[in-house]
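Peer 1: For the sequence shown, numbering that gives the first Met the number 0 gives the first residue as 0, with consecutive numbering after it. Built from N, CA and C at the ideal position, the CB exists for glycine as well. The structure displayed is predicted, hence computed values, not measured ones. Next up is a structure, given as structure tokens.
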Amino acid sequence: MSAPIQIFGPYRAPRLRRARRALLRALPVLGWLLALIVAYALPPFLAGVLLAHGLVP
């Protein structure tokens, strides 16, 4: 497949393709960040819920 004829400068991928590539590159970092937030926030949240319902003395 040949590249399109360039008149106004070097070829740049469409914005949507570049954005999708950047998002795919950032997804593992976002996943780790979400996992860390859940790991630190979930135990106190569950403890508060259980205490509020009287399930934990």
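1) Using DSSP with H/G/I as helix, E/B as strand and the rest coil, what is GLY30?
2) Using three-state DSSP, classify TYR39 as helix, strand or coil.
3) Taking the alpha-carbon positions, what's the ALA55 to PRO42 distance?
Peer 2: On the basis of the data shown:
1) helix
2) helix
3) A small fix is needed here, since residue 55 is Val in this sequence, not Ala. Between VAL55 and PRO42, the C-alpha separation is close to 13 Å.
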